[in-house]
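Take any residue in the sequence shown, note its place counting from 1, add 10, and you have its number in the working numbering.
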Amino acid sequence: MLASLTAGSVALAQSGTDLAAVPASSEAGCGRISSFTSMPRSEGLFPIVLRRIDGKEIAGGGSPAVKVSAGSHSLMVADAIPPVEFNSTERAGLRQLRNRRMAQFKTFEVVVEPNTTYYLAAKLAPYPRDVINNAHWQPVIWRTRSERCR
């Protein structure tokens with residue numbers, strides 16, 4: 011399943027590490043958000059870096075999955091698309107983009123269902139790519155899996 015997400019506050023309803031600031035209540039249940047890097051590159055999917063959930067910084071980055079309460083969450087992400095995927099003009103644009111710090115991040119909302127893991131990826135846009143305005147990729151949920159959230 012590949013669900014496109016757009017920057018801004020767009021909710022997407024979909025049928026490791028605990029984030030202390032986002033308690034998982036036993037009544038509402040919990041789910042996971044994963045930035046695990048084994049996605050199908052042949053579909054233009056690449057790694058993504060999960061930076062914040064609901065405004066809280068993700069510490070360490072040791073685990074690719076973060077446990078969250080069921081419900082709506084705001085995610086801040088950045089792409090981790092390898093430089094080899096870009097031509098020299100695009101790589102120059104990426105350097106300019108990264109110099110603008112927060113311009114490289116995208117924020118979106120996701121609705122987490124109980125006992126569901128959401129796998130995130132960066133979907134690379136086709137040519138021509140607007141790298142300088144960070145429009146060369148979009149965050150996507152490329153897979154969901156039903157699994158007990160503990």
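Where a beta carbon is used, it is the ideal one built from N, C-alpha and C, also for glycine.
Rounded to whole angstroms, the gap between the alpha carbons of Met-49 and Ile-151 is 11 Å.
For the pair Ala-88 and Ala-102, the Cα-to-Cα distance works out to about 18 Å. Contiguous beta strand (DSSP E) elements confined to the region 69-147 occur at 75-79, 81-89, 116-122 and 126-134, taking only those with 3 or more residues.
The C-alpha of Cys-40 lies about 37 Å from the C-alpha of Val-94. Between the region 64-83 and the region 103-118 there are fewer than three C-beta pairs closer than 8 Å, too few to call the two in contact. Here Ser-98 is exposed: its Cβ has fewer than 16 other Cβ atoms, across all protein chains shown, within 10 Å. Counted as a single uninterrupted DSSP element, the stretch harbouring Gly-39 is not any beta strand (DSSP E), since DSSP gives it neither H nor E.
DSSP lists Arg-62 as the bridge partner or partners of Glu-67.
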